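**Q** Quick note: the sequence shown, position 365, residue 361 per the working numbering, numbers continuous. No residue lacks a Cβ here, since even glycine has one placed at the ideal position from N, Cα and C. Being a predicted model, the structure only gives us computed values, none of them experimental.
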Amino acid sequence: MSTAAGIPDFRSPGGLYGTSSKLLERFTYLENGTRSVQWQRSALEDDVKSALTHRFFSVNPLPYHEMRRGFILGLGEGQWKPTIAHVFPEILHRNGKLHLLASQNIDGLDHRVMSDPRKLYNPHGLMSTLVSEQQGILPVFMSTDPKDPVYQRYVQLVKSNIRDIYSDLPARRGKSSHLWPGPEASTPITLEMFGDLLPPQLAAACGKEQQQKSYSVKPGSVLFDRMLWTTNAAGEPCDAFDEVEHCDLVLVMGTSLSGLTIDNVAHMAGQTGIPRVVFDMTDAPINSLKGMGYWKPRNDCHLQTPLDVSVLTMLMKLGWLEQIFDFLPHLCLGSLKTLKSFIEQNVEDPGARTATVAEAIAKEEQRERYFYGDE
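(1) Which residues in the same chain have their Cβ closer than 8 Å to the Cβ of Pro346, if we skip the five residues on either side of it in sequence?
(2) Taking contact to mean at least 3 C-beta pairs separated by less than 8 Å, is the region 248 to 261 in contact with the region 276 to 283?
(3) Run through the region 133 to 174 for me and flag every whole beta strand (DSSP E) of 3 or more residues, listed as ranges in chain order.
(4) Return the CA-CA distance between Asn283 and Val274, expressed in angstroms with no decimal places.
(5) Do Val136 and Ile68 have their C-beta atoms closer together than 8 Å?
(6) Could you tell me the alpha carbon to alpha carbon distance between Met189 and Leu58, rounded to whole angstroms?
(7) Tell me the start and end of each unbroken beta strand (DSSP E) in the region 287 to 311 that is at least 3 residues and wholly inside, in chain order.
(8) Lys292: which of Leu299, Ile270, Val305 sits nearest, CA to CA?
(9) Alpha carbon to alpha carbon, how far is Asp42 from Tyr162? Give it in angstroms, no decimals.
(10) How would you call Gly178, buried or exposed, if buried means at least 16 neighbouring beta carbons within 10 angstroms?
(11) Out of Glu62, Ala348, Asn101, point me to the one whose CA is closest to Gly170's CA.
(12) Residues in its own chain within less than 6 Å of Cys297 by CB, not counting five upstream and five downstream?
(13) Within the chosen definition, does the region 189 to 203 reach the region 100 to 115 through at least 3 CB pairs nearer than 8 Å?
(14) Taking C-beta to C-beta, are Ile357 and Gln100 nearer than 8 Å?
(15) Name the residue from Asn118, Leu40, Thr186 whose alpha carbon lies nearest to the alpha carbon of Thr140.
(16) DSSP on Arg31, reduced to helix/strand/coil?
(17) Ignoring anything shorter than 4 residues, give me the alpha helix (DSSP H) runs that lie fully in the region 47 to 95, in order along the chain.
(18) From the DSSP output, in three-state form, read off Phe220 for me.
(19) Spatial neighbours of Ile80 within its chain, please: CB distance less than 6 Å, with the 5 preceding and 5 following residues excluded, ordered by chain position.
(20) Going straight from the alpha carbon of Arg294 to that of Leu285, what length do you get?
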């Protein structure tokens, strides 16, 4: 779902996390850190995703920020918009059919369209929030909104202090927008850099950073060696696994079920006989479910068409297709084009609606030119 919205691919084979040999030569290693350069490089040679652990980040936050520079800046500057698939849970909610959206995505795009925060749970955290995360204590939130002055200060710090290690790639493949060229060398971002914008409750943490030569400022997505979030978007306790038994149907959308903890929602549904609909172009999630021994063709269904097309087909069958037009200003360019094509092929007398979508496409193409230039 995130890549369909235009966010560069990180996790898939061949994605930005998969080019580890290149990354090792591009990362910045701290010469005067609490651990040697040899330790830093060895940790990343063992697994490049060590950069996304608190154990490594507290010693050297630069590889984390260098890997995610474009991601952070794009979220902070509103570069990306949701897809039709992002909007689908909100339409389900409006029609009284959504129990819970448990999203493994960390981009926060679902927060732009979901009207009831009690229905939204992001166990793996959000890049669109900002925390100070120190050893032995829970993360302290500095900001929960990319538009907040504290988050915007962070965005400016990333622009001016973090190199663009993907500068040789196209903008849609990882390079930061031409609007935000990076410096020649990276500098760690610290709490002290926030100046008067630093929340008062972090004054002691700021002193601790300086004393221990450690680092804590990062987006709120959960590091691999830290605990998942346990509250929904309204701040109330939430456990998606406890909610499975209260569902009539589980929709598995845009995930290969490759081993993230939240994948167990889909597996638990199979164990208890709750029907599942899997939206994916590949067989990967089906193979994962079959591997757990709980795939039942009479109970479960695989929609093996593009995700947005599957959602539009369901909306049409349910008689809710008209509701998608409430979200036109929120949709990304790819989804708008898919919607236009779908209407032309499946709606009788599509003229007026096609014209409305065409107008939205023209506006979105103009908006994208700001971020991507002539590419």
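**A** Quick answer:
(1) Ile339, Glu340
(2) yes
(3) 136 to 139
(4) 11 Å
(5) no
(6) 15 Å
(7) 297 to 299
(8) Ile270
(9) 22 Å
(10) buried
(11) Glu62
(12) Val273
(13) no
(14) no
(15) Asn118
(16) coil
(17) 50 to 53, 58 to 72, 80 to 90
(18) coil
(19) Asp304, Val307, Ser331
(20) 14 Å
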